[in-house]
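Some notes on the structure that comes next.
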Amino acid sequence: SSGINAEWPLRPGEVLILEGEQLDEVKHDITDLRNRISDIKKIAKKQSIEPEFALVATGAVLHFALDESLKEDFLELALECSAVICCRVTPLQKALVVRLVKEQKVDPDDNNITLAIGDGANDVSMIREAHIGVGISEKRKKYRLRLCVDTTA
2 SSGINAEWPL
12 RPGEVLILEG
22 EQLDEVKHDI
32 TDLRNRISDI
42 KKIAKKQSIE
52 PEFALVATGA
62 VLHFALDESL
72 KEDFLELALE
82 CSAVICCRVT
92 PLQKALVVRL
102 VKEQKVDPDD
112 NNITLAIGDG
122 ANDVSMIREA
132 HIGVGISEKR
142 KKYRLRLCVD
152 TTA
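Residue numbers for the sequence shown follow our numbering, beginning at 2 and rising by one.
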């Protein structure tokens with residue numbers, strides 16, 4: 002839904018769900034969600050409220066959102082949000098999302114640092130892709146942390 006009712010009671014936060022079962026549907030939904038964010042920000046500004054957004058995307062949607070033709074639009078949408086939650090994703094998709102954020106430069110002097118935290122073998126590629134990777138493992142009911150830091154950043 003791209004429109005917003007001006008009488009709608011604005012909340013300080015909004016959860017946005019990226020949906021679609023085909024490339025064109027996901028592209029359309031990204032556009033709709035960016036318009037929704039813009040509309041909410043306009044209303045919030047009049048009320049001196051600074052809303053925050055969380056984006057939720059499944060692995061099925063990420064299949065399309067990470068396509069070469071859409072990944073920049075997806076990144077721009079994600080950067081408008083305080084949190085991005087990706088669920089039911091493959092290990093490769095986890096790493097690709099981290100790489101997408103890691104490689105983006107809004108400003109030439111920008112020094113973005115990515116952090117990935119995982120607790121299983123399916124998180125290894127994501128942890129290795131991040132500037133800072135944290136692997137959590139449980140052994141004998143004690144939690145251990147393994148920290149991997151990319152010092153080339």
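For glycine and all other residues, C-beta sits at the position ideal for the given N, C-alpha and C.
Asked	Found
Best match in GLU53, LEU97, VAL99 and LYS72 for proximity to VAL27 [C-alpha to C-alpha]	LYS72
Euclidean distance between Cα positions of PHE65 and GLN23	7 Å
Per-residue DSSP class, three states only, for GLY134	strand
Rounded distance between the beta-carbons of LEU34 and LEU78, thought under 8 Å	6 Å
Distance, SER39 Cα to LEU63 Cα	23 Å
Residues of its chain near ILE86, where Cβ-Cβ distance is below 8 Å and the 5 sequence neighbours each way are ignored	ALA55, LEU56, VAL57 and ALA58
ARG37 versus LEU67: straight-line alpha-carbon distance, rounded	21 Å
Distance, ILE41 Cα to THR47 Cα	Thr is not the amino acid found at residue 47; the sequence shown has Lys there. The straight-line gap from Cα to Cα measures roughly 10 Å.
Rounded Cβ spacing between GLU20 and ASP30 (contact assumed at less than 8 Å)	5 Å
Selection from CYS88, ILE133 and THR32 that minimises the alpha carbon distance to PHE75	THR32
Separation of GLN105 from VAL98, as counted between CA atoms	11 Å
Span separating the alpha-carbon of ARG100 from that of HIS132	10 Å
Reduced DSSP category for VAL85 - H, G, I as helix; E, B as strand; rest coil	strand
GLU15 (DSSP reduced to helix, strand or coil)	strand
Delimiting residues of the alpha helix (DSSP H) encompassing VAL99	92-104
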